[in-house]
Amino acid sequence: MLTSLLLPLALATTGAARSLGCGREIPSKFPSAGKSAILHLPGTDREYRLYIPLTYDKNQPTPLYFSFHGATRDMNEEEELSQFSNPFFNKDGIAVYPNSKNGYWLSNPSANISLPNDLDFTNDLLTHMENLLCIDSSRVYSAGKSNGGGFTAVVACNATVGSRFAAFASVSGAYYDTDNIPGVGPCKPAKRKEGYPFIEFHGTGDTTAPIDGNTNSNPKLPVIDFLEGWAERNGCVKNAKWARNETVMEDPLLRHASWDCAGKRGIVQHYRESGNGHCWPSTVGNDDYEEHPLQCPAGKSAFNATEYIFEFFRDYRLRL
Ligand SMILES: *[C@@H]1O[C@H](CO)[C@@H](O)[C@H](O)[C@H]1NC(C)=O
Ligand SMILES: *[C@@H]1O[C@H](CO)[C@@H](O)[C@H](O)[C@H]1NC(C)=O
Ligand SMILES: *[C@@H]1O[C@H](CO)[C@@H](O)[C@H](O)[C@H]1NC(C)=O
Ligand SMILES: *[C@@H]1O[C@H](CO)[C@@H](O)[C@H](O)[C@H]1NC(C)=O
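For the sequence shown, the positions run -17 to -1, 1 to 303 when mature numbering (1 follows the signal peptide of the UniProt record, and there is no 0) is used.
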């Protein structure tokens, strides 16, 4: 009696959406709380890395963060790069690092488009997590680097999968033609009141996914066109200019542009890092700085992109 009276109240205060896995013990194949491990998604040929926070409580709905690796990289490198398993940034959430089929995600011309594809994998992996762990389904987020950042947008573009994510982040994303994604078609997110909150980070010295795009055999959109596309999908007019474009730091110059669309302040945001290359900004270094120093000509950054991403995500949840 007491429980049935208290439970709806507790839900009302937190706004959490308890997944089916709430109340279950962590499956024995999964890492224990505070650790990560490589797993295989049953019934598929796909792998992923899973991190469960030390604070995990099987009765407490927990946010879930996806982090997609860049082209030719993998799930293990992405954990090191994005630091989504680091409690300094991720205070209480589960992190998953999906692995691509062949080093590339949908939208990259080299991606394997055959079915089941990366969108099916993402959708099925999310369902698997919700079935086996106590996830707050209103707080599921997607981020990625380079091709993984571009794929985060492909996820947002899909009415089925994208609707299950509350907000999106991309670091040094490679953005291909959103009207004709190979194996997918045009970008067609579902209509929803919450919109599609999107944050993007890009260095002006990026030669892999140039900020102004390129027109070679692997053509990419200028980042500003990509951002204006998301502003439009969030209810701004076509080619809407940012509402604010401010200097965050002088040296090295870091500018922050943000769009307000359909009454949603800062629903699309962009950090423009002068001099940075194709590199995940971090003040202490990461796999990009250690293994790919030529991509990080400016050296370590004066800010942590991961910190800004988690701050951005914190502002959004789905109304389920
Ligand atoms: C492409 O993906 C399908 C389905 O996952 C797989 O069966 C096939 O072997 C892959 N092809 C290549 C060339 O990797
Ligand atoms: C969107 O994702 C769902 C779930 O994986 C998939 O069934 C569907 O075919 C995708 N739609 C498009 C247009 O790719
Ligand atoms: C913000 O302003 C700076 C300086 O005028 C400009 O270089 C930059 O492109 C602007 N940001 C965006 C997103 O266009
Ligand atoms: C960036 O993150 C690291 C932890 O990875 C932390 O030690 C450092 O203080 C952070 N830098 C800033 C400026 O917050």
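For glycine and all other residues, C-beta sits at the position ideal for the given N, C-alpha and C. Source: prediction; values computed, not measured.
Using the Cβ count rule (16 or more neighbours within 10 Å means buried), how would you classify residue i?
{"i": "phenylalanine 151", "result": "buried"}
{"i": "histidine 23", "result": "exposed"}
{"i": "leucine -11", "result": "With a pLDDT of 44 at leucine -11, under the threshold of 50, the predicted position of this residue should be treated as unreliable, though the coordinate-derived value follows. Burial call: exposed."}
{"i": "threonine 198", "result": "exposed"}
{"i": "leucine -16", "result": "Its pLDDT being 43, under 50, leucine -16 is placed unreliably by the model, and the measurement read from it follows with that caveat. Label assigned to leucine -16: exposed."}
{"i": "residue 315", "result": "Any answer about residue 315 is impossible in this case: the structure gives the chain only from -17 up to 303."}
{"i": "arginine 216", "result": "buried"}
{"i": "aspartate 162", "result": "exposed"}
{"i": "proline 180", "result": "buried"}
{"i": "threonine 143", "result": "exposed"}
{"i": "arginine 297", "result": "exposed"}
{"i": "residue 350", "result": "As shown, the chain starts at -17 and ends at 303. That puts residue 350 outside it, with no answer to give."}
{"i": "threonine -5", "result": "Note that threonine -5 scores 40 on pLDDT, short of 50, meaning its location in the model is unreliable; the coordinates nonetheless yield the value given after this. Per the 10 Å Cβ criterion, exposed."}
With DSSP collapsed to three states, give me the class of residue i.
{"i": "valine 123", "result": "strand"}
{"i": "histidine 253", "result": "strand"}
{"i": "leucine 303", "result": "coil"}
{"i": "aspartate 30", "result": "The amino acid at residue 30 is misidentified as aspartate; the sequence shows glutamate. Of the three classes helix, strand and coil, the one that applies to glutamate 30 here is strand, per DSSP."}
{"i": "tyrosine 48", "result": "strand"}
{"i": "leucine 277", "result": "helix"}
{"i": "arginine 297", "result": "helix"}
{"i": "tyrosine 80", "result": "strand"}
{"i": "asparagine 69", "result": "coil"}
{"i": "alanine -8", "result": "Legend: pLDDT at alanine -8 = 40, less than 50; position of this residue unreliable, no value from coordinates given."}
{"i": "isoleucine 118", "result": "strand"}
Mind checking which residues open and close the beta strand (DSSP E) that includes residue i?
{"i": "cysteine 244", "result": "237 to 244"}
{"i": "isoleucine 96", "result": "Run containing isoleucine 96: none; DSSP gives neither H nor E here."}
{"i": "isoleucine 21", "result": "19 to 23"}
{"i": "asparagine 228", "result": "227 to 232"}
Taking the alpha helix (DSSP H) that residue i belongs to, which residues open and close that run?
{"i": "valine 144", "result": "Run containing valine 144: none; DSSP gives neither H nor E here."}
{"i": "phenylalanine 13", "result": "Run containing phenylalanine 13: none; DSSP gives neither H nor E here."}
{"i": "serine 65", "result": "58 to 65"}
{"i": "histidine 111", "result": "101 to 115"}
{"i": "residue 361", "result": "A query on residue 361 cannot be resolved here, the shown segment of the chain reaching from -17 to 303 and no further."}
At a threshold of 7 Å, does residue i count as lining ligand 6 (C-beta to nearest heavy atom)?
{"i": "proline 99", "result": "Ligands displayed in this structure: ligand 1, ligand 2, ligand 3 and ligand 4; ligand 6 is not among them."}
Within 8 Å of any Cβ in chain C, is that where the Cβ of residue i sits?
{"i": "arginine 255", "result": "Structure shown: chain C not included; a single protein chain is present."}
Residues with a Cβ closer than 5 Å to any heavy atom of ligand 4, in chain order? Phe71, Thr266, Val267, Asn287
Give the residues whose C-beta lies closer than 7 Å to at least one heavy atom of ligand 3, in chain order. Residues flagged by the Cβ proximity filter: Ile207, Leu210, Trp225, Asn228, Arg238, Ala240, His253, Arg255.
Quick one: which unbroken beta strand (DSSP E) runs of 3-plus residues sit fully inside the stretch 141 to 186? Chain order, please. 150 to 154, 181 to 186
Of all residues in the structure, which have a C-beta closer than 5 Å to any heavy atom of ligand 2, taken in chain order? Every residue passing the under-5 Å Cβ criterion appears here: Leu102, Asp103, Asn106, Asn141, Thr143, Val144, Val167.
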